[in-house]
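Q: Protein chains in written order, with the working numbering: chain S, 1 to 233; chain D, 234 to 466. Once you've had a glance at the structure underneath, I'll fire off some questions.
There are 2 protein chains.
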Amino acid sequence: MSTAQGARARARLEVTTAIKDEARRQLAEEGAAKLSLRAVARELGMVSSALYRYFPSRDDLLTALIIDAYDSAGEAAETAHATAANTTPLRRWVAVCEAVRVWALDHPHEYALIYGSPVPGYKAPDTTVRAASRVGLLLTGIVRDAHRTVGVARTPIPAELRPEAERLTAALDPELPPEVTMALVAAWAQVYGLVGFELFGQFNRVVEDRETFFRYAVSRIGHEVGLVFPEKA
Amino acid sequence: MSTAQGARARARLEVTTAIKDEARRQLAEEGAAKLSLRAVARELGMVSSALYRYFPSRDDLLTALIIDAYDSAGEAAETAHATAANTTPLRRWVAVCEAVRVWALDHPHEYALIYGSPVPGYKAPDTTVRAASRVGLLLTGIVRDAHRTVGVARTPIPAELRPEAERLTAALDPELPPEVTMALVAAWAQVYGLVGFELFGQFNRVVEDRETFFRYAVSRIGHEVGLVFPEKA
DNA sequence: TCCAAAGCAAGAGCACTGCTCTCTTTTTAG
DNA sequence: CTAAAAAGAGAGCAGTGCTCTTGCTTTGGA
């Protein structure tokens, strides 16, 4: 019939997302280690071997979940950025960072999957790389915008880092001063260090008021990047 | 006989360390997910059930490896600190951070185990907590020493963070100014963010000269903590 | 010195896992 | 209408963590 071809494809897509949803549920509840293909199939009322028609292996299912997690985190960050669109670059910077933190606290196991450790056979397809850089690009955009409007402060970099800074600037955003690019990349990593430490319990008997602490730390990092004009628009 | 009692205990200790060594080997080769009790027993020429006399479960074995990993990392950091004993606080700071990075690159799976994600049943016994804070205490010591000798710079903290800073200072090192304590805790997390990003591949097509980059980033973090006199002794 | 108690190794077995293979049924496309 | 492709079902393999029972050895106290 006319929609026959589409019917199959649609059914396949439905089953695929059903599998991923159930897998995500188990991931959120028990963690990546306890995620079981057979349990997913069981819950969906299908036999385990049928699941292999959709994902050739457990690692492939995990990879799909990783990509989705990157997208989910990126979307949360972008939403926060859109909400804070009409404010200072520094405020937007903090807003995006806070969104990442909240997302991580809401999805701890997914965060561990993407920023914790390369659990499966440690491969990173291009799709993964692209999805992974979404938050990074967002932060870069904030700094670029600040550079265009109110300007950014430059902290000198050592001579030995000059070539790296030039190369990185060309790849990331040729518009930005190399000193700022360098600081930006470092800042990105540092923000995730803060999130990871809180999430993985390193702050357990150390930091109490974590939200306030995070805002403080992330503001300082933003300042380090060159976002030094918090009052101007 | 006289050493009979000691003989048993010694044998037990030998077997225990043999198990841990073999487990660590498999951990280094394949990662925590692939670490198998049966494979460890097989490699040691013993039957799998015998292994349960030494470790009541797989998670307990992993926990033991985690504690050892914390100790190993702490020792590497302390050695680096001792080597740089007669230099500037900032130089010592950088040296310790670099030692942590090198250790992490040499033991990626162990690093993932302790700073990546709480793989097992997510429990943190007191022994773990103590071992975990070793590097943190070392960094605190460097800052304290700087405070006593050349002095540290203070960056003001927001009023809402004041109580947290007071409490934290009392717990960590009452001698230090609260502003510095706050910056120190943040710095600690940020350093691990840098290490984790490099280790887990987030710098893959981004940063090339990672050693130089790390030294730069970590120096700036040290500066942020208040280690601002790199030339004085 | 002897002997009960504790420590330890071995083996069988259970429930579970990822994954492969074969067989049958259904759906698609020429 | 029919050949090919896609999907489901079931059995089965090798591996896992873990438990239980059975014997053997070492230990510490009477």
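Think of the CB as a built atom: it goes at the ideal place given N, C-alpha and C, for glycine as much as any other residue. Source: prediction; values computed, not measured.
For a minimum of 3 consecutive residues, which ranges assigned as the beta strand (DSSP E) are wholly contained in the stretch 180-217 of chain S?
A: none
Q: Give a yes or no on contact between the stretch 302-322 of chain D and the stretch 277-284 of chain D, applying the rule of three or more CB pairs nearer than 8 angstroms.
A: Segments in contact, no.
Q: Name the two residues that bound the continuous alpha helix (DSSP H) containing G459 (chain D).
A: Residue 459 (chain D) sits at position 226 when you count from the first residue of the second sequence. G459 (chain D) -> no alpha helix (DSSP H), and no H or E assigned at all.
Q: Is the shortest distance between the beta-carbon of Y216 (chain S) and the beta-carbons of chain D less than 8 angstroms?
A: Reading the first sequence from its first residue, position 216 is the one you call residue 216 (chain S). Closer than 8 angstroms: yes.
Q: Anything in chain S within Cβ reach of F446 (chain D), meaning under 8 angstroms, just list it in chain order.
A: Residue numbering aside, residue 446 (chain D) sits at position 213 when the second sequence is read from its first letter. Within chain S, the residues L161, E164, M182, V185, A186 have their CB atoms less than 8 angstroms from the CB of F446 (chain D), given in chain order.
Q: Are I299 (chain D) and L346 (chain D) touching if we call contact CB-CB under 8 angstroms?
A: Within the second sequence, residue 299 (chain D) is the residue found at index 66, counting from 1. Within the second sequence, residue 346 (chain D) is the residue found at index 113, counting from 1. Yes, these two residues count as a Cβ contact at 8 angstroms.
Q: Starting from I157 (chain S), find everything on chain D with Cβ-Cβ shorter than 8 angstroms and list it in chain order.
A: Sequence index remark: in the first sequence, residue 157 (chain S) carries index 157 (1-based). Near I157 (chain S) (Cβ distances below 8 angstroms), the residues of chain D are Y449.
Q: Report the three-state DSSP secondary structure of Y115 (chain S) (helix, strand or coil).
A: Against the first sequence, residue 115 (chain S) aligns to sequence position 115. If DSSP states are grouped into helix, strand and coil, Y115 (chain S) belongs with the helices.
Q: Along chain S, which residues have their Cβ under 9 angstroms away from the Cβ of R377 (chain D)?
A: By 1-based counting over the second sequence, the position of residue 377 (chain D) is 144. Going along chain S, no residue has its Cβ under 9 angstroms from R377 (chain D), so there is no contact; the nearest lies around 17 angstroms.
Q: Within the same chain, show all residues whose beta-carbon is closer than 8 angstroms to that of P411 (chain D), passing over the 5 residues directly before and after it, in chain order.
A: Residue mapping note: residue 411 (chain D) aligns to position 178 of the second sequence, counting from 1. These residues qualify, in order along the chain: I390, R395, A398, E399, L401, T402.
Q: Using a C-beta to C-beta distance shorter than 8 angstroms, which residues of chain S count as neighbours of E457 (chain D)?
A: Working through the second sequence from its first residue, we reach residue 457 (chain D) at position 224. Result: R220, E224.
Q: Mind listing the chain D neighbours of L194 (chain S)? Cutoff is C-beta to C-beta under 8 angstroms, in chain order.
A: As a first step, residue 194 (chain S) must be located in the first sequence, where it is residue number 194. Here the neighbours are A419, A422, Q423, G426.
Q: Just the Cα atoms here: how many angstroms apart are Y425 (chain D) and G193 (chain S)?
A: The count along the second sequence starts at 1 and reaches residue 425 (chain D) at position 192. The count along the first sequence starts at 1 and reaches residue 193 (chain S) at position 193. Spanning the two alpha carbons is a distance of roughly 6 angstroms.
Q: Considering only the alpha carbon of each residue, which of S:S57, S:E29, S:E22 lies closest to A41 (chain S)?
A: As a working mapping, residue 41 (chain S) is identified with position 41 in the first sequence. Of the candidates S:S57, S:E29, S:E22, the one whose C-alpha sits nearest the C-alpha of A41 (chain S) is S:E22.
Q: Determine, using beta carbons only, whether V135 (chain S) and V195 (chain S) come nearer to each other than 8 angstroms.
A: Walking along the first sequence from the start, residue 135 (chain S) turns up at place 135. Walking along the first sequence from the start, residue 195 (chain S) turns up at place 195. The answer is no: Cβ separation not under 8 angstroms.
Q: Which residues in the same chain have their Cβ closer than 8 angstroms to the Cβ of V242 (chain S), if we skip the five residues on either side of it in sequence?
A: It is not possible to answer for residue 242 (chain S), since the shown part of chain S is limited to 1 through 233.
Q: Chain D beta carbons: is any one of them nearer than 8 angstroms to that of A77 (chain S)?
A: Position 77 of the first sequence, counted from the first residue, corresponds to residue 77 (chain S). So no, A77 (chain S) is outside the interface.
Q: What's the gap between the Cα of Y235 (chain S) and the Cα of P108 (chain S)?
A: Because chain S spans 1 through 233 in this model, residue 235 (chain S) falls outside it and cannot be assessed.
Q: Answer yes or no: do A176 (chain S) and V225 (chain S) have a C-beta to C-beta separation smaller than 8 angstroms?
A: As a first step, residue 176 (chain S) must be located in the first sequence, where it is residue number 176. As a first step, residue 225 (chain S) must be located in the first sequence, where it is residue number 225. For the record, residue 176 (chain S) in the displayed sequence is Leu; it is not Ala. No, these two residues do not count as a Cβ contact at 8 angstroms.
Q: What residue does the alpha helix (DSSP H) around Y54 (chain S) start on, and which one ends it?
A: Along the first sequence, one-based indexing puts residue 54 (chain S) at 54. No alpha helix (DSSP H) contains Y54 (chain S), which DSSP labels as neither H nor E.
Q: With 8 angstroms as the threshold, decide whether the Cβ of G374 (chain D) is near any Cβ in chain S.
A: Locating residue 374 (chain D) in the second sequence gives position 141, counting from the first residue. Not an interface residue.
Q: Quick check: what's the CA-CA separation for R25 (chain S) versus L37 (chain S)?
A: Your numbering for residue 25 (chain S) matches position 25 in the first sequence. Your numbering for residue 37 (chain S) matches position 37 in the first sequence. Distance between the alpha carbons of R25 (chain S) and L37 (chain S): 12 angstroms.
Q: What number of angstroms, rounded off, separates the C-alpha of A265 (chain D) from the C-alpha of Q435 (chain D)?
A: Taking the second sequence and counting its residues from 1, one reaches residue 265 (chain D) at position 32. Taking the second sequence and counting its residues from 1, one reaches residue 435 (chain D) at position 202. Approximately 20 angstroms, taken between the alpha carbons.
Q: Residues in the same chain with beta-carbon distance under 7 angstroms from P120 (chain S), minus the five sequence neighbours each way, listed in chain order, please.
A: Counting from one through the first sequence, the residue named residue 120 (chain S) turns up at place 120. Any answer about P120 (chain S) is weak, because its pLDDT of 46 lies below 50 and its placement is not dependable; what the coordinates show is given next. Beyond the five residues adjoining it in sequence on each side, P120 (chain S) comes within less than 7 angstroms, by CB distance, of D59, L62, T63 in the same chain, given in chain order.
Q: Below 6 angstroms CB to CB, which residues in the same chain sit around F55 (chain S) once its five sequence neighbours on both sides are set aside?
A: Residue 55 (chain S) sits at position 55 when you count from the first residue of the first sequence. Cβ neighbours of F55 (chain S) beyond the five flanking positions: L61.
Q: Just the chain S side, please: which residues come within less than 8 angstroms of Y303 (chain D) by C-beta, in chain order?
A: The residue given as residue 303 (chain D) occupies position 70 in the second sequence. Neighbours of Y303 (chain D) on chain S: none; closest Cβ ~11 angstroms, over 8 angstroms.
Q: Apply the 10 Å Cβ neighbour rule to P174 (chain S) and answer buried if 16 or more other Cβ atoms are within range, or exposed otherwise.
A: Start at 1 with the first residue of the first sequence, and residue 174 (chain S) comes out as number 174. Answer is exposed; the Cβ neighbour count stays below 16.
Q: Would you say D209 (chain S) faces chain D, with C-beta separation under 8 angstroms as the test?
A: Along the first sequence, one-based indexing puts residue 209 (chain S) at 209. Chain D contact via Cβ: present.
Q: Once DSSP output is grouped into helix, strand and coil, what is the label at G74 (chain S)?
A: Looking up residue 74 (chain S) in the first sequence gives position 74. If DSSP states are grouped into helix, strand and coil, G74 (chain S) belongs with the helices.
Q: Do L90 (chain S) and L227 (chain S) have their C-beta atoms closer together than 8 angstroms?
A: Looking up residue 90 (chain S) in the first sequence gives position 90. Looking up residue 227 (chain S) in the first sequence gives position 227. Yes, the pair counts as a contact, with Cβ atoms nearer than the cut-off.
Q: Using alpha carbons as the reference points, say which of S:A187, S:L172, S:D68, S:Q190 lies closest to T128 (chain S).
A: The residue labelled residue 128 (chain S) in the question sits at position 128 within the first sequence. It is S:D68 whose Cα lies nearest to the Cα of T128 (chain S).
Q: Helix or strand or just coil, what does DSSP make of R220 (chain S)?
A: For this step, residue 220 (chain S) is matched to residue 220 along the first sequence. Correct three-state label for R220 (chain S): helix.
Q: So F197 (chain S) contacts chain D; which residues on that side make the cut at Cβ distance below 7 angstroms?
A: Along the first sequence, one-based indexing puts residue 197 (chain S) at 197. For F197 (chain S), the chain D residues whose C-beta falls within less than 7 angstroms of its own C-beta are A422, Y425, listed in chain order.
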